[in-house]
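Just below is one structure, and these are the notes that go with it.
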Amino acid sequence: MTFYPTDRLALFIDGANLYSAAKGLGFDIDYRKLLEEFRKRGVLVRAYYYTALVEDQEYSPIRPLVDWLDYNGFRLVTKPAREYTDAQGRKRWRGDMDVEIAVDMMEMAAHADHLVLFSGDGDFRVLVEAVQRRGARVTVVSTVKSQPPMASDDLRRQADNFVDLADLADIIGRPSRLPRFIQESRAARDEHDVDAEL
153 MTFYPTDRLA LFIDGANLYS AAKGLGFDID YRKLLEEFRK RGVLVRAYYY TALVEDQEYS
213 PIRPLVDWLD YNGFRLVTKP AREYTDAQGR KRWRGDMDVE IAVDMMEMAA HADHLVLFSG
273 DGDFRVLVEA VQRRGARVTV VSTVKSQPPM ASDDLRRQAD NFVDLADLAD IIGRPSRLPR
333 FIQESRAARD EHDVDAEL
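Counting from 1, position 142 in the sequence shown corresponds to residue 294 in the numbering used here; the numbering is continuous, with no gaps.
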């Protein structure tokens, strides 16, 4: 991964995509560590975080994260999630942030040397190509080590650099927060496995 200390960096985090990639690898993202890591790699100009929010819910599990990010150095870009019914008749929520990410990356290409896109979405390949034509280098952070792989092959080929999220797990990750009953059953299983080895 090539970063230069004088590079002006901008981060573009597709929240839903990064969450899914990290979950697929079995860890959560520590956003404080993520900021610290990229501040070490260059001059961090801006860190964007994109997510859709369900506005009608009394409590949203993502709200504490969104508030923390908003107060701690991230530029938050949100929009309301839209409800739809899937083929099985179940209610689902959709909130695609691709246009917002594309607009911000195109604008920031004039103000940053190196753009870091946290997404494996193949729809961004043409965007990455356009940003490169404006003179910015692009690193894509996603994973091919999950099942299924989260990073599009076309996007990886277009990027100047590809960083597998699994390789950053020890740097920006923290243990996945599982419900207590799952943690306890895993701890009991691990304790049993240790006893069996002795």
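Each residue gets a CB set at the ideal place from its N, CA and C atoms; glycine is no exception.
With a cut-off of 8 Å on the beta carbons, I'd call residue 315 and residue 293 a contact; round off their distance for me. 5 Å
Does the Cβ-Cβ distance between residue 204 and residue 230 come in under 8 Å? yes
Which residue marks the beginning of the beta strand (DSSP E) containing residue 319, and which one marks its end? Looking at the DSSP string, residue 319 is not in any beta strand (DSSP E), and its letter there is neither H nor E.
For the beta strand (DSSP E) holding residue 325, just list the boundary residues, first then last. Its beta strand (DSSP E) spans residues 325-327.
What is the residue span of the alpha helix (DSSP H) that residue 253 lies within? 250-260
In angstroms, rounded to a whole number, what distance separates the CA positions of residue 246 and residue 232? 9 Å
Which same chain residues end up closer than 7 Å to residue 225 when comparing Cβ atoms and leaving out the 5 residues on each side of it in sequence? For residue 225, where only same-chain residues beyond five positions count, the Cβ hits under 7 Å are 187, 199.
Contact defined as beta carbons within less than 8 Å: I believe residue 222 pairs with residue 326. What is the distance between those atoms, to the nearest angstrom? Not confirmed; about 20 Å, so no contact.
Residues bridged to residue 180 by DSSP? 326
So if DSSP puts residue 166 in a beta bridge, which residue, or which two residues, is it bridged to? Answer by DSSP bridge pairing, in chain order: 202.
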